[in-house]
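Enquirer: Handing you a structure now.
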Amino acid sequence: MSRNISYITGTQLLSFKRRPNVAIIDVRDDERSYDGHIAGSLHFASDSFSDKISKLVQEVKGKDTLVFHCALSQVRGPSCARKLANYLEGIKEDGGIKNICVLERGFNGWEASGQPVCRCNNVPCKEGM
Ligand SMILES: [Zn+2]
């Protein structure tokens with residue numbers, strides 16, 4: 001059965017973030033290093049996403065909801081979310097991942113609506129909300 005990928009708004013993401021079982025996956029490429037990022041998000045650049053997908057699954061162990069975004073969430077974000085969904089189908093063990101979401105309007109929409117942006121240089125970002 002094919003998994004659904006749902007879209008969520010920035011406001012929904014803010015309420016999600018109070019829960020410990022949510023991981024935010026930033027799939028932008030170089031922009032992450034100069035545009036800032038959503039606090040606590042993981043970075044898996046779209047250009048190497050397919051190679052790192054098993055590492056991603058390891059890293060989000062214990063999370064049941066993954067929220068993907070890129071700059072606008074029009075191409076890279078949804079396509080990486082779809083790749084992960086297909087990958088999980090292929091391995092028949094999903095590590096407990098129940099929901100795959102895409103953040104509407106991406107990082108740019110998040111920032112434009114006044115949501116907090118983290119500009120730390122830590123990899124991974126250790127900031128909470
Ligand atoms: Zn940070």
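Residue numbers (full-length UniProt numbering): 1 to 129. Every residue, glycine too, gets a C-beta built ideally from N, C-alpha and C. Keep in mind it's a predicted model, so treat the numbers as computed, not measured.
#1: For Gly95 and Gly128, what's the separation of their Cα atoms in angstroms?
#2: For a test of your reading of the model: does the CB of Cys118 fall under 8 Å from any non-hydrogen atom of ligand 1? Yes or no.
#3: Under the criterion of a Cβ to heavy atom distance below 8 Å, does Lys17 qualify as lining ligand 1?
#4: Could you tell me which residues DSSP puts in a beta bridge with Asp26?
#5: Within the continuous alpha helix (DSSP H) that includes Ile5, where are the two ends?
#6: Following the continuous beta strand (DSSP E) through Cys101, name the residue where it begins and the one where it ends.
#7: Within 10 Å of its beta-carbon, does Ser15 have 16 or more other beta-carbons around it, so buried, or fewer, so exposed?
#8: Could you confirm whether any beta carbon from chain B is found closer than 9 Å to the beta carbon of Lys55?
#9: How would you label Gly114, buried or exposed, when you count the other beta carbons within 10 angstroms and need 16 or more for buried?
Expert: In terms of the structure at hand:
#1: Counting only the Cα atoms, Gly128 lies some 23 Å from Gly95.
#2: Cys118 Cβ: within cutoff of ligand 1.
#3: Not one heavy atom of ligand 1 falls within 8 Å of the beta-carbon of Lys17.
#4: Assignment of beta-bridge partners to Asp26 by DSSP yields His43 and His69.
#5: Taken as a continuous stretch (DSSP letters only), Ile5 belongs to no alpha helix (DSSP H), being part of the beta strand (DSSP E) at Ile5 to Ile8.
#6: It spans Asn99 to Leu103 - the beta strand (DSSP E) in which Cys101 sits, taken as one unbroken run.
#7: Ser15 is classed as exposed because its beta carbon has fewer than 16 other beta carbons within 10 Å across all chains shown.
#8: The chain labelled as chain B is not found in the depicted structure, where only one protein chain is given.
#9: With a 10 Å radius around the Cβ and a threshold of 16 neighbouring Cβ atoms, Gly114 comes out exposed.
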